[in-house]
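Asks: Pasting a structure below so you can have a look.
As structure tokens, then:
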């Protein structure tokens, strides 16, 4: 109930206080706040929405209301709404946002949990804390900015202490800002400014290491961001800014736009922890008014080494409808907590429009290592060593293996159904050139029980090659295909929760065997492989959208080359786009990007065999970017490799292009007013001027420096000169200058030496 200051004079007003509008927990501590809690103040009979919170630490429950102080009214903390946003740090500090302090400039306040609990006294309404960190009021230009609208914590300077992040969605003339303050002394560290007015940049913030480099990254929501649709018209889609912290300092920023209009994408962003146990943290982004009938959507994004995977791995859909208001499924999110203790973090989604909070339990992830071996891989039809009903046939062995493991609560035994198919690429009804020896069928099914965390479980089967008179195709490889499926019913836990196979590990694989061709009297193929590369681009401009196209010539001047593949070693500054397919003069190779032992490469199939006299011309497209200012060129190494016993490699060819910077920089300026007529009517200079009017009419010069790209660059100097005096009389007297953007200005003369007061 409400406490009284005096009889019939209530001290506080708890009705409609929004208790529970913000809730955070950490270990045995819970903080729940009521940002619309009002109190009377101790000096005058007024109702001010200072906000209050209740902290449960172990078995102790105390009230925490840092804005309930002696600095009352709108110019102080009277309208603070403390607890509008909250968080805990690892160092057991509470971070509280009060967006209404100081004429709604907003405020951040941080206190130690131990001091809050130790100093609590129910008879003291305005408590002072010795170790409090708090932002202070600024000039009137920062009014109505809403610092503290959203908060998060993370280490952004590498000192081991978590720093404070806050969204300021109405700052910078409603462009919005996100500010990072030092977690030790509340000094300003970084500021991010939105690029679009009224997008509410900073409405939501989240801090988590998303790419596994041990540096905290920052996610910023702007749910009202507008982008141009296919018709060229602006439409509200929402946006998340992903700020990856670099080891060298600063941030690499990318943008992720929403998918539906008016869905309020990025209204809430929640770190999830490592959902799939792949070593990278994941994150949830809500669009509470998206989906069917605007019931709300929550997108699950996975982290990876180069940042966030822009394609959601899962989309949670709101299933509930409300009568009087939208369900707002996803309006609030909380993840990174293992609720059911199965070893995986779970997600809670709030839908206040239907008075619901929905728990999504993470399914345990099973990692499967599968192996498929064919021996030999080159089949000699004349080498008939196996018997089939007293008939000698050419045969080969197919060995398949499974190994399964996973974190968390999984049964000790996992059941899989394995399907094998020989010569899979042959269409249904066509003659399959290989069959299993025991069944004379091209397919085989097997139920395998795998011990979790055990050794590889393998089985081996004999297969044979049909007689050459039964088929004509001797050139294309025989594909042996293996597919496995988990029996989810037997793998479910006691509550019926099914595990899931790692989505990034394919549940099938294939190997190829080739029919031996005529390779001369010695039956040994000795190819002569050659590769060359060229491009019309000797210089690449950083930031240019035009990709780099390498024209590769691959040829074999010797005998057939088996399993011939083109290997292109890709430098870290480049990413593979694909094969050029719109040019009939170029071969459409089948290429794939992969990484082996931290070496990035593109591997292209050149044929099996790559027959004698073959010459292929193909185009490979790459996007090129600069990782650091030290990068001045990119180099690609190319080589053809085959499985032949002799002469199986081509000489290495390489292509090198210089990285260059090209930037179209322009400067714009405007004067307000654009004309001043002298002499000025009805005006005389004063001997000791004090105000702007005493020295003449105001002239404003506004200059804008713009980089139209395509490249970014780090060091720019702009020099401005102005007519300061004319015949020993002051002409343009600079009172002050203002800067908007990351730049520093200096002057070779004193600015405003007369100390004229600026209005």
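In the working numbering, the protein residues as written are 1 to 759. Every residue, glycine too, gets a C-beta built ideally from N, C-alpha and C.
#1: Using alpha carbons as the reference points, say which of 601, 58, 49 and 421 lies closest to residue 510.
#2: Does the distance from the C-beta atom of residue 492 to that of residue 498 stay below 7 angstroms?
#3: Could you give the first and the last residue of the continuous beta strand (DSSP E) run that contains residue 52?
#4: Using 8 angstroms for Cβ pairs, my map puts residue 210 next to residue 279. What's the rounded Cβ distance?
#5: Going by other Cβ atoms of all chains shown within 10 Å of its Cβ, with 16 needed for buried, is residue 39 buried or exposed?
#6: Look at the alpha carbon of residue 271 and the alpha carbon of residue 56, and state the distance between them as a whole number of angstroms.
#7: Give the range of the alpha helix (DSSP H) segment to which residue 114 is assigned.
#8: Closer than 8 angstroms is the cut-off here; do at least three beta carbon pairs connect the segment 683 to 695 with the segment 703 to 716?
#9: Could you check whether the segment 235 to 245 touches the segment 210 to 221, counting it as contact only if at least three pairs of C-beta atoms, one from each stretch, sit closer than 8 angstroms?
#10: I need the boundaries of the alpha helix (DSSP H) containing residue 228, first residue and last residue.
#11: Which residues mark the beginning and the end of the beta strand (DSSP E) in which residue 445 is found?
#12: Taking C-alpha atoms, which residue in 49, 579 and 121 lies nearest to residue 60?
#13: If residue 515 sits next to residue 381, beta carbons under 8 angstroms apart, how far is it from one beta carbon to the other, in whole angstroms?
#14: Using the Cα positions of residue 690 and residue 12, report the straight-line distance between them to the nearest angstrom.
#15: Taking 8 angstroms as the threshold, find out whether the segment 397 to 407 comes into contact with the segment 357 to 373 through three or more Cβ pairs.
#16: Exposed or buried, residue 444, counting other C-beta atoms within 10 Å across all chains shown (16 or more means buried)?
#17: Would you call the segment 411 to 431 and the segment 385 to 397 touching, i.e. three or more CB-CB distances under 8 angstroms?
#18: Considering only residues of the same chain and omitting the five flanking positions on each side of residue 723, which have a CB-CB separation below 8 angstroms?
#19: Compare the Cα-Cα distances from residue 553 to each of 567, 674 and 340 and report the closest residue.
#20: Hey, would you say residue 268 sits closer than 7 angstroms to residue 187, going by beta carbons?
#21: Taking the continuous alpha helix (DSSP H) assigned at residue 563, which residues delimit it?
#22: Is the beta carbon of residue 181 less than 7 angstroms from the beta carbon of residue 99?
#23: Just tell me which of 235, 162, 212 and 190 has its CA closest to the CA of residue 196.
#24: Return helix, strand or coil for residue 733, following the three-state DSSP convention.
#25: Cβ of residue 49 within 7 angstroms of Cβ of residue 31?
#26: Helix, strand or coil: which one does DSSP assign to residue 419?
#27: Check whether the segment 632 to 649 and the segment 529 to 548 touch, using three or more Cβ-Cβ pairs below 8 angstroms as the test.
#28: Tell me where the alpha helix (DSSP H) around residue 695 begins and ends.
#29: Note down, one range per segment and in chain order, each alpha helix (DSSP H) of at least 4 residues found wholly within the segment 488 to 529.
#30: Would you report the Cα separation of residue 20 and residue 71, rounded to the nearest angstrom?
#31: What does the alpha-carbon distance come out to for the pair residue 337 and residue 458?
#32: Check each candidate in 484, 648 and 369 and name the one with the smallest Cα separation from residue 558.
#33: For residue 369, is the classification buried or exposed, using 16 other Cβ atoms within 10 angstroms of its Cβ as the cut-off for buried?
#34: Find the nearest neighbour of residue 678 within the set 414, 671, 537 and 697, judged by alpha-carbon distance.
#35: If you measure from the beta carbon of residue 590 to each beta carbon in chain B, is any gap under 7 angstroms?
#36: Please classify residue 653 as buried or exposed, where buried requires at least 16 neighbouring CB atoms within 10 angstroms.
Replies: Here's the rundown:
#1: Residue 510 sits at position 510 when you count from the first residue of the chain shown. When each option's Cα is compared against that of residue 510, the closest is 421.
#2: Your numbering for residue 492 matches position 492 in the chain shown. Your numbering for residue 498 matches position 498 in the chain shown. Going by C-beta atoms, residue 492 is nearer than 7 angstroms to residue 498.
#3: In the chain shown, residue 52 corresponds to position 52, counting from 1. Unbroken beta strand (DSSP E) run through residue 52: 52 to 57.
#4: What you label residue 210 is simply residue 210 of the chain shown in a count that begins at 1. What you label residue 279 is simply residue 279 of the chain shown in a count that begins at 1. With 8 angstroms as the limit, residue 210 and residue 279 do not qualify as a contact, their Cβ atoms being about 12 angstroms apart.
#5: For the purposes of this step, residue 39 is taken as residue 39 along the chain shown, with counting starting at 1. Buried.
#6: Start at 1 with the first residue of the chain shown, and residue 271 comes out as number 271. Start at 1 with the first residue of the chain shown, and residue 56 comes out as number 56. When rounded, the distance between both Cα atoms is 23 angstroms.
#7: Your numbering for residue 114 matches position 114 in the chain shown. Residue 114 -> alpha helix (DSSP H) spans 113 to 118.
#8: no
#9: yes
#10: As a position in the chain shown, residue 228 is number 228, starting the count at 1. It is not in any alpha helix (DSSP H) - residue 228 instead sits in the beta strand (DSSP E) that spans 226 to 228.
#11: In the chain shown, the residue the question calls residue 445 occupies position 445. First-last of the beta strand (DSSP E) with residue 445: 443 to 451.
#12: Taking the chain shown and counting its residues from 1, the one referred to as residue 60 is at position 60. Residue 60 has its Cα closest to that of 121, out of 49, 579 and 121.
#13: In the chain shown, counting from the first residue as 1, residue 515 sits at position 515. In the chain shown, counting from the first residue as 1, residue 381 sits at position 381. With 8 angstroms as the limit, residue 515 and residue 381 qualify as a contact, their Cβ atoms being about 7 angstroms apart.
#14: As a working note, residue 690 is residue 690 in the chain shown. As a working note, residue 12 is residue 12 in the chain shown. C-alpha separation (whole angstroms): 48 angstroms.
#15: yes
#16: In the chain shown, residue 444 corresponds to position 444, counting from 1. Buried is the call here.
#17: no
#18: Within the chain shown, residue 723 is the residue found at index 723, counting from 1. Result list for residue 723: 731 and 732, in chain order.
#19: Position 553 of the chain shown holds residue 553. The residue with the shortest Cα to Cα distance from residue 553 is 567.
#20: Walking along the chain shown from the start, residue 268 turns up at place 268. Walking along the chain shown from the start, residue 187 turns up at place 187. No; because the gap between Cβ atoms is not below 7 angstroms, this pair is not in contact.
#21: Position 563 of the chain shown, counting from 1, holds the residue named residue 563. Careful: residue 563 lies outside any alpha helix (DSSP H) and carries neither H nor E.
#22: Within the chain shown, residue 181 is the residue found at index 181, counting from 1. Within the chain shown, residue 99 is the residue found at index 99, counting from 1. Result no, Cβ atoms of residue 181 and residue 99 do not sit closer than 7 angstroms.
#23: Position 196 of the chain shown, counting from 1, holds the residue named residue 196. Taking only the C-alpha atoms, the option nearest residue 196 is 235.
#24: Counted from its first residue, the chain shown places residue 733 at position 733. The answer is coil: DSSP assigns residue 733 none of H, G, I, E or B.
#25: The sequence position of residue 49 within the chain shown is 49, counting from 1. The sequence position of residue 31 within the chain shown is 31, counting from 1. Their beta carbons are not under 7 angstroms apart, which means residue 49 does not touch residue 31 by this criterion.
#26: Within the chain shown, residue 419 is the residue found at index 419, counting from 1. DSSP places residue 419 in strand when its eight states are reduced to three.
#27: yes
#28: Along the chain shown, one-based indexing puts residue 695 at 695. Taken as a continuous stretch (DSSP letters only), the alpha helix (DSSP H) holding residue 695 covers 692 to 695.
#29: 488 to 491
#30: Here residue 20 refers to the residue found at position 20 of the chain shown. Here residue 71 refers to the residue found at position 71 of the chain shown. Each residue's alpha carbon lies about 25 angstroms from the other.
#31: In the chain shown, the residue the question calls residue 337 occupies position 337. In the chain shown, the residue the question calls residue 458 occupies position 458. The alpha-carbon atoms of residue 337 and residue 458 are separated by roughly 38 angstroms.
#32: As a first step, residue 558 is located in the chain shown; it is residue number 558 there, counting from the start. Ranking the options by Cα distance to residue 558, first place goes to 648.
#33: Indexing the chain shown from 1 puts residue 369 at position 369. Exposed.
#34: Counting from one through the chain shown, the residue named residue 678 turns up at place 678. Ranking the options by Cα distance to residue 678, first place goes to 697.
#35: Looking at the structure shown, chain B is missing, and only one protein chain is on hand.
#36: Along the chain shown, one-based indexing puts residue 653 at 653. Residue 653 comes out buried.
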